[in-house]
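Below: one structure, written as structure tokens.
Numbering (this note's numbering), first residue to last: 1347 to 1453.
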């Protein structure tokens, strides 16, 4: 369903282990908003919601919002670092159009 690159997985593990709170995974959803109508919502959380779909990516848990599962299916999450910016990026085969800002998409 979802894939994490090694860099994304390592970054998530570093963020979770560096937190004062006990964190167990990444909550991932698609919300309405942004330039193109949809945007990714991410948060590190301690436990999944009851109806979340739990995806294990080489030992790193992703808790997928069930309403977002279809649009996230097949997505690869990467983490990039550059002089200008750093952050998670998404390669989503279900995105029909991506905004130039890189934060929003249409499906």
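Built from N, CA and C at the ideal position, the CB exists for glycine as well.
Local conformation of residue 1356 per DSSP, three classes
Note: residue 1356 maps to helix in three-state DSSP.
Please name the residue in 1386, 1388, 1413, 1364 whose C-alpha comes closest to that of residue 1399.
For residue 1399, the nearest C-alpha among the options comes from 1413.
What are the start and end residues of the beta strand (DSSP E) that includes residue 1375?
Here the beta strand (DSSP E) through residue 1375 covers 1371-1378.
List in chain order: all unbroken beta strand (DSSP E) runs of 3+ residues lying wholly within the stretch 1374-1420.
Whole beta strand (DSSP E) segments, 3+ residues: 1384-1391, 1399-1403, 1406-1410.
Cβ of residue 1431 within 7 Å of Cβ of residue 1443?
The Cβ-Cβ distance between residue 1431 and residue 1443 does not fall below 7 Å.
Return the residue from the list 1434, 1410, 1396 that minimises the CA-CA distance to residue 1402.
Looking at the Cα atoms, 1410 is the closest of the given residues.
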